[in-house]
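Chain order of the listed sequences is A and B. Throughout the first sequence, residue numbering follows my numbering, covering 2 to 202 in sequence. Throughout the second sequence, residue numbering follows my numbering, covering 589 to 724 in sequence.
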Amino acid sequence: MVTEHSAATDGETAALALKILVAGGFGVGKTTLVGAVSEIRPLRTEELLSEAGQSVDDLDGVDQKVTTTVAMDFGRITIRSGLSLYLFGTPGQDRFWFLWDELSQGALGAVVLADTRRLEDCFPAVDYFEHRRIPFVVAVNCFAGARRYGPEDVSRALDLDSGTPVVLCDARERDSGKEVLIRLVEYAGRMHTARLLDSVG
Amino acid sequence: MTEDMTGGPDRLGSQWYDSEAGPLVRPYAMTGGRTRSGPAGVRFDLISLVTLDPGAPGADEAALGPEHRTLIDLCRTETQSVAELAAGADLPVGVVRVLLGDLVELGSVTVSRPVPPAQLPDERILREVIDGLRAL
């Protein structure tokens with residue numbers, strides 16, 4: 002009885018939310034992927050930008066304080082009571098990079114969605130996560146009509162570090178999206194263990 | 589109280605604006621012009637979890653605005669992340685952060701600290717996540 006009670010207390014303090022980012026070029030299917038695996042319909046949050054947006058917004062010399070909103074779609078997967086996974090579709094435009102910094106803080110990892118017809122769209126995301134040593138997988142969204150490439154081809158074309166997983170997927174399919182997330186979590190675990198060993202040795 | 593503000597846009601046909609037109613109240617008017625949350629100055633993460641304090645003073649405290657009450661009501665059903673609260677209350681995240689700061693100071697809610705990256709991810713938890721995903 003006593004142990005049961007303390008176990009319940011432990012569970013309560015350990016309420017944990019994990020964050021996974023979904024990045025990639027405009028129209029590559031980020032929100033589709035989030036929606037396919039989320040147990041709630043994708044929600045939208047808005048971040049208001051004033052000072053930060055002001056310096057980067059070019060309004061042809063119009064000198065006034067500007068407020069811009071940037072929307073982020075997100076979804077949730079409850080693993081069990083007290084443990085849930087949140088998926089955030091990152092804003093596509095480059096000028097919102099600073100929002101990525103906040104989003105990626107404490108993130109478990111990221112999925113970079115790629116479309117082989119415009120692979121270059123995902124370069125910035127790949128660079129971003131590589132530089133910050135955030136574990137990520139590249140998920141190639143296999144659009145109908147796009148030529149199929151093997152994971153090795155994509156890996157080479159993106160010049161990925163060896164070990165970075167490349168997964169072919171259909172962002173509309175729940176099972177496919179699940180597989181992408183599983184690969185990411187497995188990879189994040191491997192990377193984390195490797196780093197721990199590094200720091201010990 | 590909130591009906592006066594939100595009732596209009598819901599009626600179809602007669603209005604000249606819609607939700608795409610943006611809020612009719614300047615967002616930071618709801619926070620009294622404040623853009624940072626209370627003296628504690630903690631910036632809540634999007635996935636910080638907000639829990640209603642069971643022993644909290646009633647929501648009809650004079651210090652609370654309608655948006656504060658909306659947030660409290662949203663937390664009543666289950667623990668919510670900051671991002672979910674923002675979506676649920678249809679308020680920008682920055683505004684929700686300020687309002688949550690007020691609620692923390694009043695002792696109405698507690699907000700979890702995000703897990704420091706160095707402590708992420710515990711092997712056992714990752715295993716649970718993977719198994720959980722497989723079972724979906």
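Note that beta-carbon positions come from the ideal geometry of N, C-alpha and C, so glycine has one too.
DSSP state of residue i mapped onto helix, strand, coil
| i | result |
| --- | --- |
| Y150/A | coil |
| L19/A | strand |
| L29/A | Here residue 29/A turns out to be Val, not Leu, going by the sequence shown. Coil, per DSSP. |
| V692/B | helix |
| C170/A | strand |
| G202/A | coil |
| A671/B | helix |
| T623/B | coil |
| G676/B | helix |
| S105/A | helix |
| C115/A | Position check: residue 115/A holds Ala in this sequence, whereas Cys was assumed. DSSP places A115/A in strand when its eight states are reduced to three. |
| G643/B | coil |
| R81/A | strand |
| L182/A | helix |
| E187/A | helix |
Spatially closest choice to residue i from the options, by CA coordinates
| i | options | result |
| --- | --- | --- |
| L49/A | M192/A, F97/A and E40/A | F97/A |
| G28/A | S163/A, P92/A and S105/A | P92/A |
| P136/A | R119/A, F89/A and L185/A | L185/A |
| R134/A | T33/A, M192/A and C143/A | M192/A |
| L120/A | V155/A, A18/A and S163/A | V155/A |
| G83/A | V167/A, L19/A, P166/A and K31/A | L19/A |
| G676/B | T658/B, E693/B and R685/B | T658/B |
| L104/A | G90/A, E40/A and D116/A | G90/A |
| I1/A | L34/A, T194/A and L197/A | As shown, chain A starts at 2 and ends at 202. That puts residue 1/A outside it, with no answer to give. |
Contact check, residue i vs residue j, beta carbons under 9 Å
| i | j | result |
| --- | --- | --- |
| A111/A | I21/A | yes |
| V681/B | L634/B | yes |
| T665/B | L637/B | no |
| M618/B | V699/B | no |
| A72/A | R45/A | yes |
| L114/A | A140/A | yes |
| L724/B | V38/A | yes |
| G720/B | I80/A | yes |
| I718/B | E47/A | no |
9 Å Cβ cutoff, residue i in contact with chain B
| i | result |
| --- | --- |
| L86/A | yes |
| K31/A | no |
| G90/A | no |
| L34/A | no |
| V120/A | Note on residue identity: the sequence assigns Leu, not Val, to residue 120/A. No, L120/A lies away from the interface with chain B (no Cβ there is under 9 Å from its Cβ). |
| T117/A | no |
| A189/A | yes |
| T165/A | no |
| F75/A | yes |
| L19/A | yes |
Cutoff 9 Å: residue i Cβ touching any chain A Cβ
| i | result |
| --- | --- |
| V681/B | yes |
| G689/B | no |
| P615/B | yes |
| I718/B | yes |
| V619/B | It should be pointed out that residue 619/B corresponds to Thr in this sequence rather than to Val. Not one chain A Cβ lies under 9 Å of T619/B. |
Report task. May I ask you to verify whether the region 169-176 of chain A touches the region 125-139 of chain A, counting CB pairs closer than 8 Å and requiring at least 3? Result -> Taking 8 Å as the limit for Cβ pairs, the verdict is that the region 125-139 of chain A does not touch the region 169-176 of chain A.
Query raised in the report: With a cut-off of 8 Å, do at least 3 Cβ pairs link the region 177-193 of chain A to the region 148-163 of chain A?
Result: no
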